[in-house]
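A.B. asks: Here's a structure for you.
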Amino acid sequence: MRKNQRKIELKKLFLLNTAYIGIGSNQHNPKYHVIRGIREINHLPKIDIQKKSSLYETPPLGPQNQPNFINAVIKITTSYQPIELLAILQSIERKHHRKRVKKWGPRTLDLDILIYDDIVLDSDILKIPHPEIINRDFVLIPLLEITGYNFRMPKFGKLIQYV
Numbered sequence: 071m072r073k074n075q076r077k078i079e080l081k082k083l084f085l086l087n088t089a090y091i092g093i094g095s096n097q098h099n100p101k102y103h104v105i106r107g108i109r110e111i112n113h114l115p116k117i118d119i120q121k122k123s124s125l126y127e128t129p130p131l132g133p134q135n136q137p138n139f140i141n142a143v144i145k146i147t148t149s150y151q152p153i154e155l156l157a158i159l160q161s162i163e164r165k166h167h168r169k170r171v172k173k174w175g176p177r178t179l180d181l182d183i184l185i186y187d188d189i190v191l192d193s194d195i196l197k198i199p200h201p202e203i204i205n206r207d208f209v210l211i212p213l214l215e216i217t218g219y220n221f222r223m224p225k226f227g228k229l230i231q232y233v
């Protein structure tokens, strides 16, 4: 077995948690930022991407005087705990020059933890499942694509009832 192959096998051995990450961009070549963000997540040592949705173009939420978004959802396995994962995702956002200026404003890259195992978490810095997940088709549709009709979300129940 080659060294890289052994490293990959060891990496996958310790990935115990499943999470779904919402990805979006509407600034400076949004498709590039979404694809690049997915690649950067996949290159992290304690994360393995299991599934990727298609890319969806959607109108902005909130102020309409901004470009449409490109959105996707990925399913990952990870050994990072939720707060660690949040910090890592925010560091990737910063690499893409994400600025948190205006709620629902334009962004180069937005990475949100939507679901993390069956955890329900309500802290000042992180809420799981994402509290707006059931109100956002740009999350629900790609999530449905990679989970199927019978998927149950913690706290909210069957995904299909919200689509």
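Residues 71 to 233 in this note's numbering are what the sequence shown lists, from first letter to last. In this text, a Cβ means the ideal position worked out from N, Cα and C, and glycines have one as well.
#1: Contact defined as beta carbons within less than 8 Å: I believe Pro224 pairs with Ser124. What is the distance between those atoms, to the nearest angstrom?
#2: Per DSSP, Phe139 is paired with what?
#3: Between Val233, Ile140 and Lys121, which lies nearest to Pro129 when the distance is taken from Cα to Cα?
#4: Per DSSP, what are the beta-bridge partners of Ile14 in this structure?
#5: Indicate the three-state DSSP secondary structure (helix, strand or coil) for Gln231 in the structure shown.
#6: Is it true that the CB of Asn112 sits closer than 7 Å to the CB of Ile105?
#7: Taking buried to mean at least 16 other C-beta atoms within 10 Å of its own C-beta, is Ile198 buried or exposed?
#8: Return yes when at least one heavy atom of the ligand ADP lies under 6 Å from the C-beta of Tyr186, else no.
#9: Name the residue from His166, Arg177, Leu196 and Arg109 whose alpha carbon lies nearest to the alpha carbon of Ile144.
#10: With Asp182 and His166 assumed to form a contact (beta carbons below 8 Å), what rounded beta-carbon distance in angstroms separates them?
#11: Use the C-beta contact count for Ile195: other C-beta atoms within 10 angstroms, 16 or more gives buried, fewer gives exposed.
#12: When the distance is taken between beta carbons, is Ile146 closer than 7 Å to Ile117?
#13: Return helix, strand or coil for Met71, following the three-state DSSP convention.
#14: Could you check where the alpha helix (DSSP H) with Ile189 kicks off and where it finishes?
#15: Does DSSP put Arg222 in a helix, a strand or coil?
C.D. replies: Walking through what the data contain:
#1: Against the sequence shown, residue 224 aligns to sequence position 154. Against the sequence shown, residue 124 aligns to sequence position 54. The pair is not a contact, with the Cβ atoms about 24 Å apart (cut-off 8 Å).
#2: On the sequence shown, position 69 is the one that residue 139 refers to. Per DSSP, Thr128.
#3: Position 59 of the sequence shown, counted from the first residue, corresponds to residue 129. Among Val233, Ile140 and Lys121, the Cα nearest to that of Pro129 belongs to Ile140.
#4: Nothing about residue 14 can be reported from this structure: the residues present for the chain run from 71 to 233 only.
#5: Here residue 231 is taken as the residue at index 161 of the sequence shown, counted from 1. Here Gln231 sits in helix by DSSP.
#6: Position 35 of the sequence shown, counted from the first residue, corresponds to residue 105. Position 42 of the sequence shown, counted from the first residue, corresponds to residue 112. Not in contact: Ile105 and Asn112 (Cβ atoms no closer than 7 Å).
#7: Position 128 of the sequence shown holds residue 198. That one is buried.
#8: Absent from the structure shown: the ligand ADP. Ligands present: none.
#9: Here the question's residue 144 lines up with position 74 in the sequence shown. Ranking His166, Arg177, Leu196 and Arg109 by Cα distance to Ile144 puts Arg109 first.
#10: Locating residue 182 in the sequence shown gives position 112, where the first residue counts as 1. Locating residue 166 in the sequence shown gives position 96, where the first residue counts as 1. About 14 Å; that fails the 8 Å criterion.
#11: Working through the sequence shown from its first residue, we reach residue 195 at position 125. Exposed, since its Cβ has fewer than 16 Cβ neighbours within 10 Å.
#12: Locating residue 117 in the sequence shown gives position 47, counting from the first residue. Locating residue 146 in the sequence shown gives position 76, counting from the first residue. Contact: yes.
#13: Working through the sequence shown from its first residue, we reach residue 71 at position 1. Note that Met71 scores 49 on pLDDT, short of 50, meaning its location in the model is unreliable; the coordinates nonetheless yield the value given after this. DSSP places Met71 in coil when its eight states are reduced to three.
#14: Position 119 of the sequence shown, counting from 1, holds the residue named residue 189. Run containing Ile189: none; DSSP gives neither H nor E here.
#15: As a working mapping, residue 222 is identified with position 152 in the sequence shown. It is a strand residue.
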